[in-house]
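Asks: Before we start, here is the structure in question, set down as structure tokens.
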Ligand code: F6R
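Residue numbers (the working numbering): 2 to 609.
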């Protein structure tokens, strides 16, 4: 939620570097964006923008701020190349204050020599703002963020920049990550109690960003800033404890992603690329995760009470997990939407195990209940896609998903990767490691088949039929109930068509009242114990005028459209979701929407 990118160092192309970095982070927020640059001299302003030049010509040592509403993809800086030395930038997902230029970050203090970008919510900003206004500070936005540069300025009247940032940050309530730049001292200081910040360590240069994707082009040496830490980036890097200001030692880590993993390559959108990367992810996890699975199985077997938690798509994977653990391993695990687990955790104790599923490893709705579980002494397993993420770090046992970076807001390959892990765990618990390997090989092949041209053409036709729908329903039973929920989420979030997922048996308890002539309904009908009942449900819908899109291993006379997904036993839960992902993608394209950046959404949800 909100993307941050900053640069300080030897390269005079700082503004260009930050803009490029911000573009890689746009999935985190795309309401508006901005950069604050310290420039070498006023000639650095490009002739392209005389207005900007006039406005800024008297500003020795002051930040030049450029802000825009909308997406950053074609954004350019008005600064001449080779003119900026220290730049911080931000792409916004609005919380406090509407989407306006004034509310876009960076925000400045009264002297315009301190610039701040921020991720999180300053819960006590009203009280701080009032205090600062009384002291004569001038505010120009409605944001909570703007109190931060003014607070730093206020503390700076009596002490240096680093102590001022520390004192200011320690006054903020809530979970926050800030990056403050000082044009006079030519330093960037970052501090956090929530939201990710990663420092890239180059030669005489430093980068700071909300994730590593924009950094790896410049350096692979990174430091994950932990909560309650503060970093000073200038001529050198210093790490300090936020509570007491003491110096901390650090050991950089090396990021191994390839640059092509974080670019769209030949694909029009990241969402499509990521759907196509699923066979590779399935094969990678099956081949390389055996030892980690064995270890996690021992922990699950030792626990007294296991809970799977996640948000959105990750929750759907958790729900699938409860069915798979029950059916394959005959063990009971509970599941809860992570944001609700806060209110269900009274029964946690030292023997409990909480398994958190999260692509980003940063979702606040997952982080919060995990903190409470930890306080109660419960053990935590994190299954996440991002090395060094908050959830990864706070867990007692961790496993990386191995799906590779996921950039599209709508999660696809990370969902499939979670299902692979859950299936491997369930099979391993009953000693069926060989069977799962064989099943996963078939799953990868089947997903590949579903991505072939012939099937894509069929999906496009169905998407074209669905594009005029106002409501779509999606139903399944057993583990396919989770598939039905996930299919509905995928379709609604990128196509904006109201899509409701529900258990097949629930339809007749109310929602069937909404079925009328032409209402499309996606029916998951795998070759398992749910098959007959699902065909009956489809028949009930069809006799009320509904149009049935059957996702099944065998055709049926009740289907108006049939998408074949071959039977691979319990592992069919993986290929079954692929047609729905593709339908969602092609629906968005058909309707002219950007599937990578659906409105109002952000990839990593770090605010409540
Ligand atoms: C939907 C989607 C979201 C995420 C949810 C949790 O396509 O991507 O529902 O699944 O925000 O995110 P993570 O997995 O990062 O915790």
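The beta carbon of each residue, even a glycine, is placed where N, CA and C say it ideally should be. If you're wondering where the values come from, they're calculated on a predicted model, not measured in any experiment.
How about residue 418 and residue 321: do their beta carbons lie closer than 9 Å?
Replies: As a first step, residue 418 is located in the chain shown; it is residue number 417 there, counting from the start. As a first step, residue 321 is located in the chain shown; it is residue number 320 there, counting from the start. Not a contact, by the Cβ cut-off of 9 Å.
Asks: Are residue 607 and residue 121 touching if we call contact CB-CB under 9 Å?
Replies: In the chain shown, counting from the first residue as 1, residue 607 sits at position 606. In the chain shown, counting from the first residue as 1, residue 121 sits at position 120. Going by C-beta atoms, residue 607 is nearer than 9 Å to residue 121.
Asks: Residues in the same chain with beta-carbon distance under 7 Å from residue 491, minus the five sequence neighbours each way, listed in chain order, please.
Replies: As a first step, residue 491 is located in the chain shown; it is residue number 490 there, counting from the start. Only 411, 581, 582, 585 meet the Cβ criterion.
Asks: What would DSSP say about residue 187, mapped onto helix, strand or coil?
Replies: In the chain shown, the residue the question calls residue 187 occupies position 186. Three-state DSSP puts residue 187 in coil, outside helix and strand.
Asks: Give the list of continuous alpha helix (DSSP H) stretches no shorter than 4 residues that lie fully inside the region 373 to 449.
Replies: DSSP runs (the alpha helix (DSSP H)) wholly in the region 373 to 449: 391 to 395, 414 to 430.
Asks: Can you list the beta strand (DSSP E) stretches of 3 or more residues lying completely in the region 264 to 331, in chain order?
Replies: Counting only runs of 3 or more, we get 307 to 311.
Asks: Would the beta-carbon of residue 501 fall within 9 Å of that of residue 542?
Replies: In the chain shown, the residue the question calls residue 501 occupies position 500. In the chain shown, the residue the question calls residue 542 occupies position 541. Not a contact, by the Cβ cut-off of 9 Å.
Asks: Using CA atoms only, rank isn't needed, just tell me which of 163, 590, 175 is closest to residue 182.
Replies: Taking the first residue of the chain shown as position 1, residue 182 is located at position 181. Residue 163 is the option with its Cα nearest to residue 182.
Asks: Compute the beta-carbon to beta-carbon distance between residue 173 and residue 123, rounded to the nearest angstrom, for a pair I have assumed lies under 8 Å.
Replies: Residue 173 sits at position 172 when you count from the first residue of the chain shown. Residue 123 sits at position 122 when you count from the first residue of the chain shown. That pair is a contact at about 5 Å.
Asks: Along the chain, where does the alpha helix (DSSP H) that runs through residue 156 open and close?
Replies: As a working mapping, residue 156 is identified with position 155 in the chain shown. First-last of the alpha helix (DSSP H) with residue 156: 148 to 157.
Asks: Hey, would you say the C-beta of residue 391 is under 8 Å away from at least one heavy atom of the ligand F6R?
Replies: Within the chain shown, numbered from 1, the residue matching residue 391 stands at position 390. Not so, every heavy atom of the ligand F6R lies at least 8 Å from the Cβ.
Asks: DSSP three-state call for residue 484: helix, strand or coil?
Replies: The residue labelled residue 484 in the question sits at position 483 within the chain shown. DSSP places residue 484 in helix when its eight states are reduced to three.
Asks: Provide the residue(s) that pair with residue 522 in DSSP beta bridges, ordered along the chain.
Replies: Position 521 of the chain shown holds residue 522. Looking at the DSSP assignment, residue 522 forms a beta bridge with 474, 549.
Asks: What residue does the alpha helix (DSSP H) around residue 460 start on, and which one ends it?
Replies: Translated into the one-based positions of the chain shown, residue 460 becomes position 459. That run of the alpha helix (DSSP H) goes 454 to 467.
Asks: Could you tell me if the beta carbon of residue 537 falls within a distance shorter than 8 Å of some heavy atom in the ligand F6R?
Replies: In the chain shown, residue 537 corresponds to position 536, counting from 1. Every heavy atom of the ligand F6R is 8 Å or more from the Cβ of residue 537, so no.
Asks: Run through DSSP, which three-state label would residue 538 get?
Replies: As a working mapping, residue 538 is identified with position 537 in the chain shown. Reduced to three states, the DSSP call for residue 538 is helix.
Asks: For the region 501 to 519 and the region 588 to 606, state whether three or more C-beta atom pairs, one from each stretch, are separated by less than 8 Å.
Replies: No: the two stretches stay apart, fewer than three of their Cβ pairs being nearer than 8 Å.
Asks: Buried or exposed, going by whether 16 or more other CB atoms sit within 10 Å of the CB of residue 296?
Replies: In the chain shown, counting from the first residue as 1, residue 296 sits at position 295. The residue in question, residue 296, is exposed, as its Cβ has fewer than 16 Cβ neighbours within 10 Å.
Asks: If we count the other Cβ atoms within 10 Å of its Cβ and call it buried at 16 or more, is residue 55 buried or exposed?
Replies: Position 54 of the chain shown, counting from 1, holds the residue named residue 55. Caution is warranted here: a pLDDT of 41 is assigned to residue 55, below 50, making its placement in the model unreliable, and the coordinate value is therefore given only provisionally. The residue in question, residue 55, is exposed, as its Cβ has fewer than 16 Cβ neighbours within 10 Å.
Asks: Helix, strand or coil: how does DSSP classify residue 177 here?
Replies: On the chain shown, residue 177 is found 176 positions in, with the first residue counted as 1. It is a strand residue.
Asks: Could you have a look at residue 254 and say whether DSSP puts it in helix, strand or coil?
Replies: What you label residue 254 is simply residue 253 of the chain shown in a count that begins at 1. In this structure, residue 254 counts as strand in the three-state DSSP scheme.
Asks: Between which two residues does the beta strand (DSSP E) holding residue 93 run?
Replies: On the chain shown, position 92 is the one that residue 93 refers to. 85 to 93 is the span of the beta strand (DSSP E), which, as asked, contains residue 93.
Asks: Tell me, please, which residues DSSP counts as bridged to residue 588.
Replies: Here residue 588 corresponds to residue number 587 of the chain shown, with the count starting at 1. Note: residue 588 sits in no beta bridge, so no partner.
Asks: Nearest-angstrom Cα distance between residue 435 and residue 289?
Replies: Translated into the one-based positions of the chain shown, residue 435 becomes position 434. Translated into the one-based positions of the chain shown, residue 289 becomes position 288. Computed Cα separation, rounded: 14 Å.
Asks: Between the alpha carbons of residue 57 and residue 404, how many angstroms are there, rounded?
Replies: Walking along the chain shown from the start, residue 57 turns up at place 56. Walking along the chain shown from the start, residue 404 turns up at place 403. A caution first: residue 57 carries a pLDDT of 49, below 50, which makes its placement in the model too unreliable to give a value.
Asks: Between the Cα of residue 286 and the Cα atoms of 324, 105, 438, which residue gives the shortest distance?
Replies: Position 285 of the chain shown, counting from 1, holds the residue named residue 286. Nearest of 324, 105, 438 to residue 286, Cα basis: 438.
Asks: Run through DSSP, which three-state label would residue 505 get?
Replies: Counting from one through the chain shown, the residue named residue 505 turns up at place 504. Helix.
Asks: Does the beta-carbon of residue 85, which I'm using as the reference point, lie nearer than 8 Å to any heavy atom of the ligand F6R?
Replies: To locate residue 85, count along the chain shown from 1; it is residue 84. Flag unset: Cβ of residue 85 not near the ligand F6R.
Asks: For residue 354, name the three-state secondary structure that DSSP assigns.
Replies: Counted from its first residue, the chain shown places residue 354 at position 353. Correct three-state label for residue 354: strand.
Asks: Taking only heavy atoms of the ligand F6R into account, decide whether any of them is closer than 8 Å to the Cβ of residue 410.
Replies: As a first step, residue 410 is located in the chain shown; it is residue number 409 there, counting from the start. Residue 410 Cβ: within cutoff of the ligand F6R.
Asks: Report yes if the C-beta of residue 415 is less than 8 Å from at least one heavy atom of the ligand F6R; otherwise report no.
Replies: Position 414 of the chain shown holds residue 415. Yes; taking the cut-off as 8 Å, the Cβ of residue 415 has a heavy atom of the ligand F6R nearer than that.
Asks: Less than 8 Å separating the Cβ of residue 403 from some heavy atom of the ligand F6R?
Replies: Translated into positions along the chain shown, residue 403 becomes position 402. No, the beta carbon of residue 403 sits no closer than 8 Å to any heavy atom of the ligand F6R.
Asks: Counting C-beta neighbours from all protein chains within 10 Å, is the total for residue 177 16 or more, i.e. buried, or is it exposed?
Replies: Against the chain shown, residue 177 aligns to sequence position 176. That one is buried.
Asks: Do you know whose CA, among 386, 369, 147, 225, lies nearest residue 255's CA?
Replies: Within the chain shown, residue 255 is the residue found at index 254, counting from 1. Checking every option, the nearest Cα to that of residue 255 belongs to 225.
Asks: How would you label residue 307, buried or exposed, when you count the other beta carbons within 10 angstroms and need 16 or more for buried?
Replies: Taking the first residue of the chain shown as position 1, residue 307 is located at position 306. That one is buried.
Asks: Considering only their Cβ atoms, is the gap separating residue 447 from residue 569 smaller than 9 Å?
Replies: Looking up residue 569 in the chain shown gives position 568. Looking up residue 447 in the chain shown gives position 446. Yes, Cβ-Cβ distance for residue 569 and residue 447 is below 9 Å.
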